[in-house]
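Chemist:
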Amino acid sequence: MGRLAENRGSPGNDAVSTEFDSSVLASHAARLAGVRLVGLFEQEPTRFARFSRRLGPLLVDVSKQAIDGDAWQALLQHAASCAVPLRRDALFAGEPVNASEQRPALHMALRAARDDEGTPAWCEARDQAQACLERMAALVDAVRKAPGVIGLPKITDVVSVGIGGSDFGPRLACAALAGQGGSGPAVHFLANVDGGRLDELMRRLDPEHTLVVLVSKSFGTQETLLNGGVLYEWLCRALGSEQAHRRLFAVTANAEAARAAFALDDARILPMWDFVGGRYSLWSAVGFPVALALGMDGFRRLLAGARQVDRHFREAPLEENLPVWLALVSWWNRAWLGRASHCIVPYDDRLEGLPGYLQQLEMESNGKRVRSDGEPVALPTVPVVWGSVGSNAQHAYFQALHQGTDVVPVDFIGVVKPDHALDENHRALLANLLAQSAALMRGRDEAATWATLAGVADPALRRSLAAQKAFPGNRPSTTILLDRLDPESLGALLALYEHKTFVHATLCGINPFDQWGVELGKSLASRIEPGLRGETAVVPDASTAGLLAHIRALRKAAPEA
Ligand SMILES: O=P(O)(O)OC[C@H]1O[C@](O)(CO)[C@@H](O)[C@@H]1O
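In structure tokens:
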């Protein structure tokens, strides 16, 4: 409580009003700290209906979060006092909401329909996106159905080279929707500069039947340029430069750099724009590899799912607005209840990439400690976002979620209808999801645990076992259910989290669309690298000097690979 008391009177951003707001929320947080979630359900049998909503193919349930009617009203009032509706309108209007870079953030325009109206900035972005989709459609159809039209033989494999926002989204979408795209090429993703995967791909793939797509908004990212260069050389060695060029595509906002580095012709460069951040770019030509795998119809369905959530976010009042709900829950858990991490557990192997995708979306967007005006934030901003697929996760870290010293809010993501006929498996999967969220909330106290240990004669041992086997419970979670896992529901799910991230940033008073924190390490890496070649390098400290010396000595001693 000390921390909460300390934060009273220190509003989270300049749009956030008053000491009164902070103290109201602090008192709700203090009150709810002593309340059990199961008790809230007992008091209000209709709690599920109150705290869950349907949105297109999604069902969102926050009823197992530590909120009650009064706290929720206070949170909604707080969202209004932070000007969430105004900020949302500014976002859709194409105002420079990314203030530090003086750019708008118009990723919603990428999935707009041709006749979706808006401000001139919005319409211009929408039209550029539509033109790009048309170019993509022509290329996708050619590659999938008539490769001869663009001078190619049958394409069996595509290597998508990109990292961060130029990788997570397409990688997730391809894995999630695998098998739903008819007979498209297999898409492989190459992000890391670690040469192991690259080496393996070059050994396995046939250059004659492989396309390479270099995805980089800046076209200045070390990993992508290095990997792209190696693949380009591989194509050239096998097929000669003219054939290599036919198989090389780029998706970038820096066409000049792509032309300079790879002599790419414009027909093989698809655009990105400054008004779309990397981690919000799946919906642009960054999704080209997804469209190659799924077909253009499938890709357009992904966009349509996201558009449905855009409309909801834009039009629904705060109290019915699901991105606002999720952001308030996150902010409540992090800033007021002190939950420092947030676990994402999808119960579907096809969503294995979701925790990593959301980790970048939320942590790169909201991992900030100063507000948009440069002043320090008053309250913690983003939690550590992590997680993995259930039920596997249950056999790894759920022990700590149930009985550890930290309370970790969990997002459980499930799919109601599977795409296979193994119903018993699917029932078991869903039962696990439901059981875990219920168990985290209900727990089992020492008295109940004591009763299960009637066979233990020694009272001291029985007491000790009861303590060890008890579950504190009262651990919050959100559940999101997708009707099925298809392009629409995936698009809707990702757009829901995108807008949640934006609202969370607004509650914190920070800019979610820049990422200055990734620069320092990048520039140091390029200055240290010459040291690994034995040349003079920037050695920032004695530890780095020692490590460099160790690496150089071992590499010198190692036989050539
Ligand atoms: O698309 P680019 O310019 O290669 O950048 C890749 C990634 O690198 C970052 O700039 C920093 O990690 C991300 O924001 C971005 O998604």
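Read in order, the letters of the sequence shown correspond to residues 10 to 570 in the working numbering. Glycine included, every Cβ here is placed at the ideal spot set by N, Cα and C.
1) Just to confirm the assignment, what range does the alpha helix (DSSP H) spanning P298 have?
2) Am I right that L64 and A501 are in contact with their C-beta atoms under 8 angstroms? What's the rounded C-beta distance?
3) Could you check what DSSP says for T230 in three-state terms: helix, strand or coil?
4) Does the distance between the C-beta of T510 and the nearest non-hydrogen atom of ligand 1 fall short of 8 angstroms?
5) When DSSP labels each residue in this structure, what does A118 get in the three-state scheme?
6) My assumption, with CB atoms under 8 angstroms, is that I422 sits in contact with Y366. Please give the rounded CB distance.
7) Would you give the residue range spanned by the alpha helix (DSSP H) that A444 belongs to?
8) Is it the case that the stretch 161 to 170 contacts the stretch 321 to 331, given that we only count it when at least three CB pairs across the two stretches are under 8 angstroms?
9) Which term fits G21, buried or exposed, when burial requires 16 or more other beta carbons within 10 angstroms of its beta carbon?
10) Taking only the alpha-carbon atoms, compute the straight-line gap between L576 and A88 and give it to the nearest angstrom.
11) Does the beta carbon of G376 fall short of 8 angstroms from some heavy atom of ligand 1?
12) Under 9 angstroms between the Cβ atoms of V338 and P418?
13) What does a CB cutoff of less than 7 angstroms around V416 pick up in its chain, not counting 5 residues either side in sequence?
14) Between the Cα of L335 and the Cα atoms of A75, P549, V512 and Q139, which residue gives the shortest distance?
15) From what residue to what residue does the beta strand (DSSP E) around W395 run?
16) Scan the stretch 464 to 540 and note each continuous alpha helix (DSSP H) run of 4 residues or more that stays entirely inside, going in chain order.
17) Over what stretch of residues does the beta strand (DSSP E) that includes L220 continue unbroken?
18) Which runs of the beta strand (DSSP E), 3 residues or longer, sit entirely within the stretch 54 to 113?
19) Give the DSSP-derived three-state secondary structure of A197 in the structure shown.
20) Across the stretch 238 to 248 and the stretch 546 to 564, are there enough close Cβ pairs to call them in contact, namely three or more that are closer than 8 angstroms?
21) Just to confirm the assignment: which complete beta strand (DSSP E) runs, minimum length 3, are found wholly within the stretch 330 to 384?
22) Mind checking whether the beta-carbon of F101 lies closer than 8 angstroms to any heavy atom of ligand 1?
23) Quick one: residues in its chain with C-beta nearer than 6 angstroms to the C-beta of L68, no 5 flanking neighbours on either side, listed in chain order?
24) Just to confirm before moving on: does the CB-CB distance between V260 and V285 stay below 9 angstroms?
25) Kindly list the residues whose CB is nearer than 7 angstroms to the CB of W243, restricted to its own chain and excluding five residues on each side of it in sequence; keep chain order.
26) S250 lies in the alpha helix (DSSP H); which residues open and close that run?
27) Quick one: does the C-beta of S227 sit closer than 8 angstroms to a heavy atom of ligand 1?
28) Any heavy atom of ligand 1 closer than 8 angstroms to the CB of V548?
29) Write down the C-beta distance between A409 and V354 rounded to the nearest angstrom, noting that I regard them as a contact closer than 8 angstroms.
30) Based on Cα-Cα distance, which residue from G191, N236, F177 and R180 lies nearest to G205?
31) Cβ of I172 versus every heavy atom of ligand 1: is any distance shorter than 8 angstroms?
32) Relative to ligand 1, is the shortest distance from any of its heavy atoms to the C-beta of R112 smaller than 8 angstroms?
Modeler: Once the coordinates are examined:
1) It spans F297 to L303 - the alpha helix (DSSP H) in which P298 sits, taken as one unbroken run.
2) Taking C-beta atoms under 8 angstroms as the contact rule, L64 and A501 qualify, at a distance of about 7 angstroms.
3) Coil.
4) no
5) helix
6) At roughly 12 angstroms, the Cβ-Cβ gap does not stay under 8 angstroms, so I422 and Y366 are not in contact.
7) Taken as a continuous stretch (DSSP letters only), the alpha helix (DSSP H) holding A444 covers D432 to R451.
8) Fewer than three Cβ pairs drawn from the stretch 321 to 331 and the stretch 161 to 170 lie within less than 8 angstroms of each other, which leaves the two stretches out of contact.
9) With a pLDDT of only 32 at G21, under 50, the local geometry of the prediction cannot be trusted, and the value read off the model is given with reservation. With 16 or more other Cβ atoms within 10 Å, it is buried.
10) This structure leaves residue 576 out entirely; the chain is present only between 10 and 570.
11) no
12) yes
13) R348 and R484
14) Among A75, P549, V512 and Q139, the Cα nearest to that of L335 is on V512.
15) V393 to G396
16) 468 to 478 and 496 to 517
17) T219 to V224
18) 61 to 64 and 67 to 70
19) This sequence places His at residue 197; Ala is not what is there. Correct three-state label for H197: strand.
20) no
21) With a minimum length of 3 residues, the continuous beta strand (DSSP E) runs that stay inside the stretch 330 to 384 are 350 to 355.
22) It does not: the Cβ of F101 is nowhere closer than 8 angstroms to a heavy atom of ligand 1.
23) L490
24) No.
25) Excluding residues within five positions, the ones whose Cβ falls inside 7 angstroms are M211 and P216.
26) Segment S250 to R255, the alpha helix (DSSP H) holding S250.
27) yes
28) With a cut-off of 8 angstroms, the C-beta of V548 is classified as distant from ligand 1, since no heavy atom of the ligand falls inside that distance.
29) About 13 angstroms; that fails the 8 angstroms criterion.
30) Comparing Cα positions, the closest option is N236.
31) Yes, since a heavy atom of ligand 1 falls inside the 8 angstroms radius drawn around the Cβ of I172.
32) With a cutoff of 8 angstroms, R112 does not count as near ligand 1, since its C-beta is closer than that to no heavy atom of the ligand.
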